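Mapped onto the numbering used here, the consecutive letters of the sequence shown carry residue numbers 92 to 214.
Step one of this worksheet: look at the structure below.
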Amino acid sequence: KLEGLKTIAVTTNGINLTRLLPQLKEAGLNAINISLDTLVPAKFEFIVRRKGTNLSSKATVLILAQICLLYLQVNCVVMRGFNEDEVLDFVNFTKDLPLDVRFIEYMPFDGKYCCFEILLRQK
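Structure representation (structure tokens):
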């Protein structure tokens with residue numbers, strides 16, 4: 092542990108976290124940010140670009156992080172036409188879990204061009 096550090100955190104999509112968590116905790120990890128943009132398995136595979144990755148590993152990560160007494164935050168990037176219909180599902184999935192959920196607006200930049208059509212408009 093380094094003097095003066097109160098928080099050592101990692102941001103991950105969670106794919107390898109169950110395997111690495113014991114070593115990370117031993118090294119001082121006390122907070123995890125999990126990037127989870129969808130609860131739909133096919134969409135998750137599309138995002139992480141790996142076939143055969145299912146969301147049961149995500150549930151395992153959430154449970155494992157809670158058991159290990161780590162601070163847990165789930166970050167969800169909301170994108171028009173992709174997952175904006177899942178916001179209430181995220182709320183229902185996480186409302187009784189000891190974690191924070193942060194909905195992040197998609198940053199509409201693709202190289203040097205802006206992609207405003209994917210932004211969620213305020214109504």
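Ideal placement from N, C-alpha and C gives every residue a C-beta, glycine not left out.
These numbers were taken from a predicted model, which means no experiment stands behind them.
query: In the DSSP assignment, find the beta strand (DSSP E) that holds A100 and state where it starts and stops.; result: A100 to T103
query: Decide yes or no for the touch test of the segment 166-185 against the segment 94-101: beta carbon pairs closer than 8 Å, at least 3 of them.; result: no
query: Assign R171 to one of three DSSP states: helix, strand, or coil.; result: coil
query: Using C-beta distances below 6 Å, list every residue in its chain close to N85, excluding the 5 sequence neighbours before and after it, in chain order.; result: For the chain, the structure presents residues 92 to 214; residue 85 sits outside this window and is missing.
query: Out of F184, L190, N183 and N174, which one is the CA nearest neighbour of Y197?; result: N174
query: According to DSSP, is I138 helix, strand or coil?; result: helix
query: When you compare each of V178, L112 and V101 to V131 by their alpha carbons, which one comes out closest?; result: V178
query: In three-state DSSP terms, what is D176?; result: helix
query: Grab me the residues of K134's own chain with a C-beta within less than 8 Å of its C-beta, minus the 5 sequence neighbours each way, in chain order.; result: D128, F173 and N174
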